[in-house]
Amino acid sequence: MEEFKDKFEKVNGVKKKERSYSKEYDRLNKIIKRGKASPDELRLAKIKRSLLPSKDPMDPDFKRLMYVRYADDFVILIIGSKKDAENIKLKIAEVLFVRCKASLNMEKTVITHIRDGFDFLGANIRKLDNRVYKVKSVTKSGKSYARKVPLKLFVTAPISKIIDKLITRGFAKRNHKNKVIATGIPRLILKDHYSIIQYYNFIIRGLLNFFSFAGNYSSLHRVF
Numbered sequence: 001m002e003e004f005k006d007k008f009e010k011v012n013g014v015k016k017k018e019r020s021y022s023k024e025y026d027r028l029n030k031i032i033k034r035g036k037a038s039p040d041e042l043r044l045a046k047i048k049r050s051l052l053p054s055k056d057p058m059d060p061d062f063k064r065l066m067y068v069r070y071a072d073d074f075v076i077l078i079i080g081s082k083k084d085a086e087n088i089k090l091k092i093a094e095v096l097f098v099r100c101k102a103s104l105n106m107e108k109t110v111i112t113h114i115r116d117g118f119d120f121l122g123a124n125i126r127k128l129d130n131r132v133y134k135v136k137s138v139t140k141s142g143k144s145y146a147r148k149v150p151l152k153l154f155v156t157a158p159i160s161k162i163i164d165k166l167i168t169r170g171f172a173k174r175n176h177k178n179k180v181i182a183t184g185i186p187r188l189i190l191k192d193h194y195s196i197i198q199y200y201n202f203i204i205r206g207l208l209n210f211f212s213f214a215g216n217y218s219s220l221h222r223v224f
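In terms of UniProt numbering, the numbers along the sequence shown are unbroken and rise by one, the last being 224.
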């Protein structure tokens, strides 16, 4: 996979270190730095610049690939075109068949845009809108600056799927209004109060620990 990654990231034999600057961002930046525009034009240029990424997100010569595997589940993230993704999928199917005598489930192995998100190992992963920023401290030439950096990936617990699973396992049900309500578990009826509470706490702690990394961790209270 590392060999394939290295080949993919090189365009015409060269791995580009960073994206090219956005032409529109560069144009607005020049207007602001020259300071020759009217106050209204300067203000408008600054507003427009703040809404744009400084680098070209569609730079065709900047490609990246990340591969993560756990047991027989894997995900490949790329910076590239949909055609690139389709070619990678076909290549993986070929390698699995030739080298491992295994087949890739073409229906379950889907290609999706990162903003639409995907599920991996029980969590949902997606990219937030570029307007969602975190502040990063940057030191340049001995001076510190605050730079707005777009959040890369947002990993969340799939609340609705967790609730559906609890319904399937008999911990809850939907009433006539389609509202989720807790339900009793017959096999616990003869248990003492301490054992019943201990059992439910075990389930709750397990879920909270498993999704401790989730960006929507505080929303897990909806499950309980």
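Idealized CB from N, CA, C, for every residue including glycine.
Assumed close pair residue i, residue j - CB separation to whole angstroms, cut-off 8 Å
i, j, result
"Y70", "P53", "The pair is not a contact, with the Cβ atoms about 32 Å apart (cut-off 8 Å)."
"L153", "K127", "6 Å"
Environment of residue i [buried if 16+ CB atoms lie within 10 Å]
i, result
"V223", "buried"
"A157", "buried"
"F213", "exposed"
"F97", "exposed"
"S81", "exposed"
"F74", "exposed"
"S219", "exposed"
"S38", "exposed"
"S22", "buried"
C-beta atoms of residue i and residue j nearer than 8 Å
i, j, result
"R115", "D56", "no"
"N29", "R43", "no"
"I162", "L207", "yes"
"F118", "L65", "no"
"A85", "I111", "yes"
"L188", "I196", "yes"
"F62", "I88", "no"
"K191", "T183", "no"
"Y67", "K5", "yes"
Check: residue i C-beta below 7 Å from any heavy atom of the ligand SAM
i, result
"I111", "As presented, the structure is devoid of all ligands, the ligand SAM included, so that no description of it is given."
Under the three-state DSSP convention, the category residue i falls into
i, result
"F74", "strand"
"R187", "helix"
"V155", "strand"
"R169", "coil"
"I123", "Residue identity check: residue 123 is Ala in the sequence provided, not Ile. Three-state result, A123: strand."
"L90", "helix"
"L114", "For the sequence presented, residue 114 should be read as Ile rather than Leu. Reduced to three states, the DSSP call for I114 is coil."
"R34", "helix"
Closest Cα partner of residue i within the set the options
i, options, result
"K165", "I203, S195, H193 and I189", "I203"
"Y217", "I32, A45 and V155", "V155"
"I32", "D40, S22, K46 and K23", "K46"
"S160", "H221, H113 and I185", "H221"
"A102", "A93, F171 and T109", "A93"
"N12", "E41, P60 and R34", "P60"
"R99", "F210, K108 and M1", "M1"
"L77", "G122, T109, V95 and L104", "T109"
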